[in-house]
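Quick note: to get the working numbering, add 192 to the position in the sequence shown (first position is 1). Since the structure comes first, as structure tokens, the remarks are kept for the end.
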Amino acid sequence: MKQFERYEEYLKQSELSKQTRQVYLREAEKFVRYLNGKEITKDRTMLYREKLREEDLSPATINLYVIAVNRYLRYLECGQASIKTLKVQKKRSVENVISRKEYQELLNYAKRSGRKKYYYIMRTLALTGIRVSELQYITVETLETGRVQVYNKGKIRDVYLPDVLIRELKKFCREEKENDGIIFRGRGGDPINRITVYKMIAYLGDMVGIKKEKVHPHSFRHFFAISYMERYGNLAELADLLGHTSIETTRIYTTSTVEEKRRKLNNLGL
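Next comes the structure, spelled out in structure tokens:
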């Protein structure tokens, strides 16, 4: 449909990530199918939100879809039909984060099973806190400076590589005969696909018996953040390293997880 081709071009002018643009386009198409030619009204948008609630989706997912629909309505200059997102209780802590023991088990299995690329990917994610989509910015050249410029969500930030990681990645590059450019490549030399990384990390987790809720690429970012807070306790520095605009986003790493709270209660000795 030409209307969606034009909308896709409109989204490309924004500074949204490719994945976000895809979600916005998909949800706009679903909303139009739901309307089935009927006039756009606020009541119909509210009914669409109720339909989403009946689909057993999480509140966060529903809100993402509502935001996507509202964006499309603004594009159509029908902002009066946009609706509010659901109220969601703010997360106070991060759950389902791998432990140090589980992290080591993943590394050991990746090494034993000959999946050295994923060994180094997990090391990189855990030692820098970067997102899996940001792996493409780590190049052979950045190993000389120890500093990586990452572009994400319309912002540029510096990511610093620890000395131990630089040594390990240089070793990996020598073994793979990578002399320049992106270190973690997929087939055809393109940056490795995030879905590929997700599936392999999930597989490795399954092989060592870690529950699947814990084993995903973003879990290593949480692992890095919690480890940093435990060691240094500097929230402002961590927010800068993670690329958070608001320090409130980073504050979840200062609060005990449910598992930690239970452990502390069990150790009260009352």
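Beta carbons are placed, not taken as given, at the ideal position from N, Cα and C, and that holds for glycine. As the structure is a computational prediction, the values presented were derived from the model and not from experiment.
A residue is called buried once 16 or more other Cβ atoms fall within 10 Å of its Cβ, and Gly425, having fewer, is exposed. Arg377 is bridged by DSSP to Pro383. By the beta-carbon neighbour count (other beta carbons within 10 angstroms, threshold 16), Gly321 is buried. Rounded to whole angstroms, Val389 and Lys362 show a C-alpha spacing of 21 Å. In the displayed model, Asn255 falls within a helix according to three-state DSSP.
In the three-state reduction of the DSSP assignment, Val324 falls in the helix class, which pools H, G and I.
With 16 or more other Cβ atoms inside 10 Å of its own Cβ, Glu219 counts as buried. CA-to-CA, the gap between Ile348 and Pro354 works out to about 20 Å. Here Leu396 is not near Tyr312, since their CB atoms are 8 Å or more apart. The bridge partners DSSP lists for Arg349 are Val342. Scanning its chain for C-beta atoms nearer than 7 Å, with the 5 sequence neighbours on each side dropped, one finds around Tyr267 the residues Tyr199, Tyr202, in chain order. Between Val342 and Tyr329, the C-beta spacing is below 8 Å. Minimum Cα-Cα distance from Thr442 among the listed residues Arg455, Arg423, Ile418 corresponds to Ile418.
Per DSSP, reduced to three states, the secondary structure at Thr233 is coil, with no helix or strand assignment. Collapsing the DSSP output to three states places Thr388 in a helix. In the three-state reduction of the DSSP assignment, Thr277 falls in the coil class, being assigned neither a helical nor a strand state. Under the DSSP definition of a beta bridge, Thr441 lacks any partner.
Taking 8 Å as the cut-off, the beta carbon of Ile358 is found no closer than this to the beta carbon of Gly373. Around the beta-carbon of Gly306, fewer than 16 other beta-carbon atoms lie within 10 Å, marking it exposed. The alpha-carbon of Glu297 is positioned some 10 Å away from that of Arg304.
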